Amino acid sequence: MPLVWAAAEDAAAVVGELFHRADGHGAGVGSALPRAIIVAGITEKELLALMHVCKKSGMKTALWATLTPTSETWTLKTLLEELSAERRQLDRKRR
Numbered sequence: 048m049p050l051v052w053a054a055a056e057d058a059a060a061v062v063g064e065l066f067h068r069a070d071g072h073g074a075g076v077g078s079a080l081p082r083a084i085i086v087a088g089i090t091e092k093e094l095l096a097l098m099h100v101c102k103k104s105g106m107k108t109a110l111w112a113t114l115t116p117t118s119e120t121w122t123l124k125t126l127l128e129e130l131s132a133e134r135r136q137l138d139r140k141r142r
């Protein structure tokens with residue numbers, strides 16, 4: 048599974064286009080963007096397993112998304128804003 052890291056200068060990039068970047072693109076570059084994992088081409092079972100492994104490993108909390116026909120046309124900034132809003136709503140419901 049190729050891995051791509053996005054930095055602040057990628058905020059205006061179309062999400063679907065990020066998936067066409069070379070494996071390792073952006074690795075080691077700092078970013079002020081919210082931490083997020085956006086996946087495509089995996090099954091729900093694989094997604095849940097990945098989320099479980101990340102949680103068990105002690106990885107910092109991240110926003111999660113699967114690429115959809117809608118989200119692949121959004122800018123990264125728009126998707127991250129939407130995911131952040133969803134996270135806030137879920138956090139409010141848990142209180």
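Sequential numbering from 48 applies to the sequence shown in our numbering. Backbone N, C-alpha and C define an ideal beta-carbon position, used for all residues, glycine too. Everything numeric in this text was worked out from a predicted model, so none of it was measured.
In chain order, what residues of the same chain have a beta carbon less than 6 Å from the beta carbon of residue i, not counting five sequence neighbours either side?
i, result
"Thr113", "Val86"
"Trp121", "Val62"
"Ser78", "Ala54 and Ala55"
Identify the continuous alpha helix (DSSP H) that holds residue i and give its terminal residues.
i, result
"Leu97", "Glu91 to Lys103"
"Val5", "For the chain, the structure presents residues 48 to 142; residue 5 sits outside this window and is missing."
"Ser78", "Premise fails: Ser78 is in no alpha helix (DSSP H) and is neither H nor E."
"Ala132", "Leu123 to Arg141"
Does the distance from the C-beta atom of residue i to that of residue j stay below 9 Å?
i, j, result
"Val51", "Leu65", "yes"
Give me, in chain order, the residues of the same chain whose beta-carbon lies closer than 7 Å to that of residue i; leave out the 5 immediate sequence neighbours on both sides.
i, result
"Gly73", "Val51, Trp52, Ala53 and Ala54"
"Glu150", "This structure does not reach residue 150, given that the chain is present from 48 up to 142, and the question cannot be answered."
"Lys107", "Arg82"
"Pro49", "Asp70"
Who are the Cβ neighbours of residue i in its own chain at under 8 Å, not counting the five residues just before and after it?
i, result
"Glu91", "none"
"Cys101", "Ile84 and Ala109"
Give me whichever residues DSSP pairs with residue i in a beta bridge.
i, result
"Trp111", "Ile84"
Tell me, to the nearest whole angstrom, how far the beta carbon of residue i is from that of residue j; I am working on the premise that it is less than 8 Å.
i, j, result
"Leu123", "Asp57", "6 Å"
"Pro81", "Leu137", "Actually they are not in contact, since the Cβ atoms of Pro81 and Leu137 sit about 15 Å apart, beyond 8 Å."
"Thr95", "Arg134", "For the record, residue 95 in the displayed sequence is Leu; it is not Thr. At roughly 18 Å, the Cβ-Cβ gap does not stay under 8 Å, so Leu95 and Arg134 are not in contact."
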